[in-house]
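S.K.: full-length UniProt numbering puts the first residue of the sequence shown at 1, with every later residue one more than the last. Dumping the structure here so I can ask a few things about it.
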Amino acid sequence: MINALGLLEVDGMVAAIDAADAMLKAANVRLLSHEVLDPGRLTLVVEGDLAACRAALDAGCAAAMRTGRVISRKEIGRPDDDTQWLVTGFNR
Numbered sequence: 001m002i003n004a005l006g007l008l009e010v011d012g013m014v015a016a017i018d019a020a021d022a023m024l025k026a027a028n029v030r031l032l033s034h035e036v037l038d039p040g041r042l043t044l045v046v047e048g049d050l051a052a053c054r055a056a057l058d059a060g061c062a063a064a065m066r067t068g069r070v071i072s073r074k075e076i077g078r079p080d081d082d083t084q085w086l087v088t089g090f091n092r
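The following block contains the structure:
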């Protein structure tokens, strides 16, 4: 069971890589998946405890804004099993 999810949607591959790197360095989270929604728009999903996901998203947003654009962000505490399946099914 996943404790919490952090989702970050950005414009630009460089912004996504910069954000992912910052999120993973800033907090004890794991990159669970990524999804390319359309050319240039990506969603990154991390998992960890809720505080770590929040810290990771703060760092990821700051990094992405330096090199691209943040579209949205969301923390989900104690996601439902079906939500977990949806997120982990992105890359399958």
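Glycine included, each C-beta is placed from N, C-alpha and C at the ideal position.
If you compare alpha carbons, which of ARG66, PRO39, VAL29 and ASP38 is closest to LEU50?
M.R.: Of the candidates ARG66, PRO39, VAL29 and ASP38, VAL29 places its Cα closest to the Cα of LEU50.
S.K.: Going straight from the alpha carbon of residue 121 to that of ALA19, what length do you get?
M.R.: There is simply no residue 121 to check, as the chain begins at 1 and stops at 92 in what is shown.
S.K.: Quick check for students: name the residue ranges of the alpha helix (DSSP H) that lie wholly in the UniProt domain "BMC" (4-88), counting only runs of 4 or more.
M.R.: The qualifying runs are 13-26, 50-67 and 81-88.
S.K.: Relative to the C-alpha of VAL10, which candidate in VAL45, ALA52, ALA64 and GLY89 has its C-alpha closest?
M.R.: Restricting attention to VAL45, ALA52, ALA64 and GLY89, the CA atom closest to the CA of VAL10 is found in ALA64.
S.K.: Leaving out the 5 sequence neighbours to the left and right, which residues in its chain are closer than 7 Å to ILE2 when beta-carbon positions are compared?
M.R.: Here the set comprises GLU47, PRO79 and GLN84.
S.K.: Apply the 10 Å Cβ neighbour rule to LEU5 and answer buried if 16 or more other Cβ atoms are within range, or exposed otherwise.
M.R.: buried
S.K.: Distance, Cα to Cα, LEU7 vs SER72?
M.R.: 8 Å
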